[in-house]
């Protein structure tokens, strides 16, 4: 469900960094939804192709996220989420002297499939099974 | 209108595969709208930059689509569309042992231009001309 | 706030072209919001990975934009914006014989952070300071 696109300068992250970041992000969502819902794509963008305020972005990380499976149910949840992500990404962003920006879009739950299946609704038996097995499967409940 | 972004592992598809996939997708939309509305972008993402559930995505195809020209008018249309796409992509995804996920966002019709023209509404004379000529042109009707 | 993704054929633009385009775009938004809100990402897509209407897009520029900080307040503003962009990009698109398509999505203001800060609302003292200083900082007003 969440699809994270992370645009970063060339060489900003090693393969180990990227896996660690992806696992940290997956850990956040994985407490409340199947882990395999979490997609993270890293894209290196050279400074001559990446501009912030019209200037080459040599030290900038731009994160664009689509949320699909869940929408924020309250302002408190929303602000906690961003505070949490903020803290979570610190070692790879502010601690390394990068500037950053992040935005999230919420896209329609009903226009989403995994392995051709429409994912089950939050809290259903089917979702619990998907979460326990960490894979998509045909629904067994209505 | 639809803009398909297909993230796939390096070497997953030949140039011929990619054209065949793009033509199959274009065929679906092209029955009801101008073919040139259909954009398909393939992006190879190396396993060290592409994670599903925190693990390197060596055999995963992640499709993200923006629908602009049309919104689904009923649940039946919506589910048929996904079933159809499912079947359509089988030869390039499940038949090759790839896992996959796809989600669609619907973005505002009014915030969309082609060659600087705001596209005509569905079913109008102008849209019929765009479809017949397979190119954008100035409107001749209000 | 606006994040511009520009997909273009290999070699379409020099580093100088890309900076000039990014600065032109930044100039448009920078009159009414902090310049550092404007992100522009160029991505070269080879013709064997980029299809319009099922055919390789050898001369096509596809622009996908997320608007976050502002929504269009009237039809007039909306059409003027697109007319203006049209004219602005002419030297790099139609004047060079490229075809093009552009669409904008509007994503939630509340799901957006810069340097970990939720940006201030339009017209506030904090926004004026961010604009004057051209950088994000903690809010000093409620």
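Chains as they are written, first to last, in our numbering: chain E, 3 to 144; chain A, 3 to 144; chain L, 3 to 144. In this text, a Cβ means the ideal position worked out from N, Cα and C, and glycines have one as well. Treat the numbers as computed from the prediction; the structure is a model and nothing was measured.
Query                                                                                                                                                                                   : Result
Considering only their Cβ atoms, is the gap separating residue 23 of chain E from residue 63 of chain E smaller than 8 Å?                                                               : no
Is it the case that the region 57-73 of chain A contacts the region 97-111 of chain A, given that we only count it when at least three CB pairs across the two stretches are under 8 Å? : yes
With 7 Å as the limit, tell me which residues of the region 77-111 of chain L have their beta carbon closer than that to any beta carbon of chain A; keep them in chain order.          : 80, 84, 88, 101, 102, 103, 104, 105, 106, 107 and 108
Going along chain A in order, which residues have a C-beta closer than 7 Å to the C-beta of residue 53 of chain E?                                                                      : The premise fails here: residue 53 of chain E is roughly 20 Å from chain A at the closest Cβ pair, so nothing lies under 7 Å.
May I ask you to check if the CB of residue 80 of chain E is nearer than 7 Å to at least one heavy atom of the ligand PLP?                                                              : Here there are no bound small molecules, and the ligand PLP is not part of this structure.
With a threshold of 16 other CB atoms inside 10 Å of the CB of residue 127 of chain L, please say whether the residue is buried or exposed.                                             : exposed
How about residue 31 of chain A: is its C-beta nearer than 8 Å to some C-beta of chain E?                                                                                               : no
Taking residue 88 of chain L as part of the alpha helix (DSSP H), name the residues at either end of that continuous run.                                                               : 77-91
Give the interface partners of residue 13 of chain A over in chain L, defined as CB-CB distance under 9 Å, in chain order.                                                              : Simply none; closest approach about 13 Å.
CA-CA distance, residue 51 of chain A and residue 19 of chain E?                                                                                                                        : 10 Å
Tell whether a beta-carbon distance below 8 Å holds between residue 49 of chain E and residue 36 of chain E.                                                                            : no
Should residue 84 of chain A be labelled buried (16 or more other beta-carbon atoms within 10 Å of its own) or exposed?                                                                 : buried
Smallest Cα separation from residue 87 of chain A: which of A:13, A:29 and A:14?                                                                                                        : A:29
Return helix, strand or coil for residue 96 of chain A, following the three-state DSSP convention.                                                                                      : helix
Have a look at A:43, A:133 and A:119 and flag the residue whose alpha-carbon is nearest the alpha-carbon of residue 60 of chain L.                                                      : A:43
Which same chain residues, not among the five before or five after residue 116 of chain A, have their C-beta less than 7 Å away from its C-beta?                                        : 138
Name the DSSP beta bridge partners of residue 69 of chain L, please?                                                                                                                    : L:108
Is there at least one Cβ from chain E nearer than 8 Å to residue 41 of chain A's Cβ?                                                                                                    : no
Using a Cβ-Cβ distance under 8 Å, would residue 44 of chain A count as near chain D?                                                                                                    : The chain inventory of the structure shown lacks chain D, comprising the protein chains E, A and L.
Is the distance from the Cβ of residue 95 of chain A to the Cβ of residue 41 of chain E below 8 Å?                                                                                      : no
If we cut at 8 Å on Cβ distances, does residue 61 of chain E have a partner in chain L?                                                                                                 : no
Does the distance from the C-beta atom of residue 26 of chain L to that of residue 90 of chain L stay below 8 Å?                                                                        : yes
In the DSSP assignment, find the unbroken alpha helix (DSSP H) run with residue 30 of chain L in it and report its ends.                                                                : 17-32
With DSSP run on the structure shown, which of helix, strand or coil describes residue 103 of chain E?                                                                                  : strand
Given that a residue counts as buried once 16 or more other Cβ atoms are within 10 Å of its Cβ, and exposed if not, what is residue 66 of chain L?                                      : buried
Considering only their Cβ atoms, is the gap separating residue 119 of chain L from residue 134 of chain L smaller than 8 Å?                                                             : no
For residue 114 of chain A, which of L:46, L:39, L:33 and L:82 has the nearest alpha-carbon?                                                                                            : L:82
Assign residue 58 of chain A to one of three DSSP states: helix, strand, or coil.                                                                                                       : strand
Spell out the partners DSSP gives residue 45 of chain L in its beta bridges.                                                                                                            : L:9
Between the alpha carbons of residue 21 of chain A and residue 56 of chain L, how many angstroms are there, rounded?                                                                    : 7 Å
For residue 103 of chain E, count neighbouring Cβ atoms within 10 angstroms of its own Cβ and tell me buried if that reaches 16, exposed if not.                                        : buried
When we look at the beta-carbon of residue 10 of chain A and count the other beta-carbons within 10 Å, is it buried (16 or more) or exposed?                                            : buried
How many angstroms separate the CA atom of residue 80 of chain E from the CA atom of residue 124 of chain E?                                                                            : 18 Å
Give a yes or no on whether 8 Å exceeds the smallest Cβ distance from residue 128 of chain E to chain L.                                                                                : no
How far does the alpha helix (DSSP H) with residue 128 of chain E in it reach, from first residue to last?                                                                              : 127-135
Check the Cβ of residue 70 of chain A against every Cβ in chain L and list those closer than 8 Å, keeping chain order.                                                                  : 105
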